[in-house]
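Novice: In my numbering, the protein residues as written are 22 to 176.
Every residue gets a Cβ at the ideal spot worked out from N, C-alpha and C, and that includes glycine.
Sharing a structure, written as structure tokens. Questions coming.
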């Protein structure tokens, strides 16, 4: 079996979702009972933060944005960013649906797990999302329960 590489591209659905959230946030700021100066400051804040989100997260331009995933063995995935590559373990609390996958990884040098949100349109080939779901759900990559070790409950 050959190694498969899941190269990600910016998702149009995710960018649309971010745009809707920024528009709603702007409408909320405008509806607040403050004077015009405070509303303008709030809109500038929402606009700057929204631009940062779209550039870094939506367009995958940040140094920590995962741009490629590759299954490497039992529960291990090679994650590539624009600046580095590292092995991480897929966690059991990852969420997989037909439209979006939220993959959570344990990174050896990080205390907190990292998340990777992948929409169905994040791939050039339509079949790659289905293959990603199959790889994540396969017994080879499934996270084992920490309560069971060699069939016995651990203490």
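Under the rule that 16 or more other beta-carbon atoms within 10 Å means buried, what is residue 94, buried or exposed?
Specialist: Along the chain shown, one-based indexing puts residue 94 at 73. That one is exposed.
Novice: Please confirm whether residue 108 and residue 101 have their CB atoms less than 8 angstroms apart.
Specialist: By one-based count along the chain shown, residue 108 stands at place 87. By one-based count along the chain shown, residue 101 stands at place 80. No, these two residues do not count as a Cβ contact at 8 angstroms.
Novice: Helix, strand or coil, according to DSSP, for residue 158 in the structure here?
Specialist: In the chain shown, residue 158 corresponds to position 137, counting from 1. Residue 158 falls in the helix class under three-state DSSP.
Novice: Between residue 43 and residue 67, which are expected to be in contact by the criterion C-beta below 8 angstroms, what is the C-beta distance as a whole number of angstroms?
Specialist: Here residue 43 is taken as the residue at index 22 of the chain shown, counted from 1. Here residue 67 is taken as the residue at index 46 of the chain shown, counted from 1. Confirmed, Cβ separation roughly 6 angstroms.
Novice: Would residue 154 and residue 122 be called neighbours here (beta carbons separated by less than 8 angstroms)?
Specialist: As a working note, residue 154 is residue 133 in the chain shown. As a working note, residue 122 is residue 101 in the chain shown. Yes, the Cβ-Cβ distance between residue 154 and residue 122 is below 8 angstroms.
Novice: Between residue 143 and residue 29, is the Cβ-Cβ spacing less than 8 angstroms?
Specialist: Here the question's residue 143 lines up with position 122 in the chain shown. Here the question's residue 29 lines up with position 8 in the chain shown. Cβ distance < 8 angstroms, so residue 143 and residue 29 count as in contact.
Novice: Please name the residue, chosen from 34, 53, 92 and 128, that lies closest to residue 138 on a Cα-to-Cα basis.
Specialist: Here residue 138 refers to the residue found at position 117 of the chain shown. Per the Cα distances, 34.
Novice: Buried or exposed: where does residue 72 fall if 16 or more other Cβ atoms within 10 Å of its Cβ makes it buried?
Specialist: What you label residue 72 is simply residue 51 of the chain shown in a count that begins at 1. Exposed, because fewer than 16 other Cβ atoms sit within 10 Å of the Cβ of residue 72.
Novice: What is the rounded straight-line gap between the Cα of residue 159 and the Cα of residue 127?
Specialist: Here residue 159 is taken as the residue at index 138 of the chain shown, counted from 1. Here residue 127 is taken as the residue at index 106 of the chain shown, counted from 1. Taking the straight line from one Cα to the other gives about 18 angstroms.
Novice: Please classify residue 28: does DSSP put it in a helix, a strand, or coil?
Specialist: Translated into positions along the chain shown, residue 28 becomes position 7. Residue 28 falls in the strand class under three-state DSSP.
Novice: From residue 133 to residue 116, what distance separates their C-alpha atoms?
Specialist: Within the chain shown, the letter at position 112 stands for residue 133. Within the chain shown, the letter at position 95 stands for residue 116. Between residue 133 and residue 116, the C-alpha separation is close to 17 angstroms.
Novice: Grab me the residues of residue 86's own chain with a C-beta within less than 8 angstroms of its C-beta, minus the 5 sequence neighbours each way, in chain order.
Specialist: Along the chain shown, one-based indexing puts residue 86 at 65. Excluding sequence neighbours, residue 86 sits near 77, 78, 102 and 103.
Novice: Could you check where the alpha helix (DSSP H) with residue 126 kicks off and where it finishes?
Specialist: One-based indexing of the chain shown puts residue 126 at position 105. Here residue 126 belongs to no alpha helix (DSSP H); instead the beta strand (DSSP E) covers 121 to 127.
Novice: Roughly how many angstroms lie between the CA atoms of residue 199 and residue 75, to the nearest whole one?
Specialist: Nothing can be reported for residue 199: it is not among the residues displayed for the chain, which extend from 22 to 176.
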